[in-house]
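Be aware that the sequence shown starts at 527, since it is given in this note's numbering, and climbs by one per residue. Each remark here refers to the structure printed beneath this line.
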Amino acid sequence: MILVGRNLSPFTRRVAISLQLIGLPFERRELATATQMDEIRTYNPLGRVPALVLEDGEVLIDSAAILDYLDELAPADRRLTPAAGAERRSVNRLVAFALGAMEKGVIAYYETARRPAELQWPQWSQMADAQILAGLQQLETAAAAIAGDGWLVGERLTQADISAVVALDFIRAVRPALLPAEALPHLSALARRCGEMPAFAATRPQPPSP
Ligand SMILES: N[C@@H](CCC(=O)N[C@@H](CS)C(=O)NCC(=O)O)C(=O)O
């Protein structure tokens, strides 16, 4: 399989980490949306990452759809989202907060770093920042309830942990001023713990160049 997209894209990174944790081998095409859109369109007509090219050439798009397929391939004890029940709903709820923070992070980053200064609308990025913080705060509350070396939902690491940590790392990379070092201590502790795992360490995003 070939994963298209860079680790700075949190949607791509959560797929990269999931592939590694499930134990599925894959190659990377680290294409950037800002400069390599034409090539990205050859995989996804929308010009978005991630895309995952399967062995037979079929191309999956959108991280949620890709992760849904990866869970189909995973042995039961490596599924990242439970197949049914209360734990599935809890994972999906936390993932929705993480995805919301990621989406609003992309918006705030584009508005403040990519849009020409004279066209920027500060209220727009401020609203996005408030939504980022609201999403991350929900993840912090869930992380505060973790006992010891536990996980956000159930007895083992799930997509909730992956997406929560990826969201936090992404916001720290693209909106560093939004989160002082002491902010979100429980979520940060979870991120440090995950950061020791090769799948997270090897995909850590670099802050974008100015
Ligand atoms: N819902 C999509 C979001 C993907 C997304 O927004 N990707 C960004 C990169 S972080 C992108 O491709 N942006 C370029 C664009 O939308 O034009 C997913 O989960 O895969």
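Think of the CB as a built atom: it goes at the ideal place given N, C-alpha and C, for glycine as much as any other residue. All values derive from a computational prediction rather than experimental measurement.
- Counting along the chain, the unbroken alpha helix (DSSP H) around Ala727 starts and ends at Pro724 to Ala727.
- Measuring C-alpha to C-alpha distances from Asn533 to each of Ser589, Trp650 and Asp655 identifies Ser589 as the nearest.
- Exclusion of the five residues before and after Arg698 leaves Leu705 as the residues of its chain whose Cβ lies within less than 8 Å of its Cβ.
- If you draw a 10 Å sphere on the C-beta of Leu580, you find fewer than 16 other C-beta atoms in it, and that means exposed.
- The Cβ-Cβ distance between Ala624 and Ala560 does not fall below 8 Å.
- DSSP, reduced to helix, strand and coil, places Ile672 outside both helices and strands of the structure shown, so it counts as coil.
- Shown here, Ala622 sits in a helix according to DSSP, grouped into three states.
- Excluding five sequence positions before and after Pro702, the CB atoms of its chain that fall closer than 8 Å to its own CB belong to Pro733, given in chain order.
- Assignment of beta-bridge partners to Val585 by DSSP yields Val579.
- Apart from sequence neighbours up to five positions away, no residue of its chain approaches Arg619 with a beta-carbon distance below 7 Å.
- Between Gln685 and the set Tyr569, Gly573, Ile592 and Glu637, the nearest pair of CA atoms involves Ile592.
- Assignment of Arg539 by DSSP, reduced to helix, strand and coil, places it in the helix class.
- Put simply, the stretch 592 to 601 touches the stretch 538 to 545. At least three CB pairs are less than 8 Å apart.
- With the criterion CB distance below 6 Å from any heavy atom of ligand 1, the matching residues run Ser535, Phe537, Thr559, Gly573, Arg574, Val575, Pro576, Asp588, Ser589, Ala590 and Val632 along the chain.
- Beta-bridge partners of Arg555 (DSSP): Val530.
- Ile587 and Leu545 have their C-alpha atoms roughly 15 Å apart.
- If you check the CB distance, Pro576 and Gly531 come in under 8 Å.
- When Cβ pairs closer than 8 Å are counted between the two stretches, the stretch 555 to 572 is seen not to touch the stretch 624 to 637, the count staying below three.
- Per the coordinates, the alpha-carbon of Leu578 lies some 9 Å from the alpha-carbon of Asn570.
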